[in-house]
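Each residue of the sequence shown is one higher than the last, beginning at 3 in our numbering.
Just below is one structure, and these are the notes that go with it.
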Amino acid sequence: SSLCSLSHRRHWDQEVKRAQKDAREPSLTKAIVKCYWKPYVVWGMFTFLEEGTRVVQPIFLGKMISYVENYNPNDSAALHEAYGYAAGLSACVLVWAVLHHLYFYHIQHVGMRLRVAVCHMIYRKSLRLSSSAMGKTTTGQIVNLLSNDVNRFDQVTMFLHYLWVGPLQAIAVTALLWMEIGISCLAGMAVLIILLPLQSCIGKLFSSLR
Numbered sequence: 003s004s005l006c007s008l009s010h011r012r013h014w015d016q017e018v019k020r021a022q023k024d025a026r027e028p029s030l031t032k033a034i035v036k037c038y039w040k041p042y043v044v045w046g047m048f049t050f051l052e053e054g055t056r057v058v059q060p061i062f063l064g065k066m067i068s069y070v071e072n073y074n075p076n077d078s079a080a081l082h083e084a085y086g087y088a089a090g091l092s093a094c095v096l097v098w099a100v101l102h103h104l105y106f107y108h109i110q111h112v113g114m115r116l117r118v119a120v121c122h123m124i125y126r127k128s129l130r131l132s133s134s135a136m137g138k139t140t141t142g143q144i145v146n147l148l149s150n151d152v153n154r155f156d157q158v159t160m161f162l163h164y165l166w167v168g169p170l171q172a173i174a175v176t177a178l179l180w181m182e183i184g185i186s187c188l189a190g191m192a193v194l195i196i197l198l199p200l201q202s203c204i205g206k207l208f209s210s211l212r
């Protein structure tokens, strides 16, 4: 806990000094970003490559299906191309599996470090609370922060990159569908776009009920 919190506490102390100088409230978000942005950006590139291999896989599969549909036993060049597409598809699946597990392993490690550092800050803060502040804060609130709220950092770190990778992947998939079926692909994408706010509203509803 102490090792995880050293760097985070240093950035937090710097943020507190800047906030006092600028006459504003210190921002925990700024301290977190400055502490963890470098490894997080690096592993974000792995997300981009991982999803890129997923987009390429249907292309190779489509080429292989096209070869089977137009099979010509006398066309050795087409056979060699089919072997190449099969090798490319296999390589994409292998690369995707490696990148996927590497990404989630290291990004969960970043989230764990962040969670432990924030827990350390909450613990240190609770020890320095004044008597009046302790009267306004219950033990249950502190336990809830340490056991439930900080766990959101693990979830956010894992899926935050998909906010920018997802739209890029959607654009690439739409382009591929456009080449295959034309303007009809826009109907399917429109349904997905409409479902996004609906899913968000349902998620907020379940959160409020919980």
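Using N, Cα and C, we set each Cβ at its ideal position, and we do this for glycine too.
Check your understanding: Would you call the stretch 132-148 and the stretch 160-179 in contact, with 3 or more CB pairs under 8 Å?
Key -> no
Review point. Under the three-state reduction of DSSP, which class applies to residue 153: helix, strand or coil?
Key: helix
Review point. Span of the alpha helix (DSSP H) holding residue 73?
Key: Annotation for residue 73: no alpha helix (DSSP H) segment contains it, and DSSP assigns it neither H nor E.
Review point. Would a C-beta distance cut-off of 7 Å place residue 105 and residue 39 closer than the cut-off?
Key: no
Check your understanding: I think residue 153 touches residue 117, with their Cβ atoms under 8 Å apart; what is that distance to the nearest whole Å?
Key -> About 7 Å separates the Cβ atoms of residue 153 and residue 117, confirming a contact at the 8 Å cut-off.
Practice item. Buried or exposed for residue 10, please, with buried defined as at least 16 other CB atoms from any protein chain shown within 10 angstroms of its CB. Key: buried
Check your understanding: Are the stretch 76-84 and the stretch 190-209 touching, with three or more C-beta to C-beta distances below 8 Å?
Key -> As far as the Cβ criterion goes, the stretch 76-84 does not touch the stretch 190-209, which means the pair count is below three.
Exercise for review: Could you tell me how far apart the beta carbons of residue 51 and residue 101 are, in whole angstroms, since I believe they sit closer than 8 Å?
Suggested key: 6 Å
Check your understanding: Between which two residues does the alpha helix (DSSP H) harbouring residue 177 extend?
Key -> 164-183
**Study point:** Supposed close pair residue 159, residue 86 - CB separation, criterion 8 Å
**Key:** The Cβ separation is near 38 Å, so there is no contact.
Check your understanding: Taking the alpha carbon of residue 171 as the point to measure from, which residue in 143, 27, 49 and 28 has its own alpha carbon closest?
Key -> The shortest Cα separation from residue 171 among 143, 27, 49 and 28 belongs to 49.
**Study point:** Assigned exposure category for residue 203 - 16 Cβ within 10 Å defines buried
**Key:** exposed
Practice item. Could you tell me the boundaries of the alpha helix (DSSP H) in which residue 194 lies? Key: Counting along the chain, residue 194 sits inside the alpha helix (DSSP H) bounded by residues 187-211.
**Study point:** residue 49 (DSSP reduced to helix, strand or coil)
**Key:** helix
**Study point:** Selection from 90, 210 and 22 that minimises the alpha carbon distance to residue 57
**Key:** 90
Review point. In whole angstroms, what is the alpha-carbon distance linking residue 95 and residue 41?
Key: 25 Å
Exercise for review: Using a threshold of 7 Å, state whether the C-beta atoms of residue 55 and residue 98 are closer than that.
Suggested key: yes
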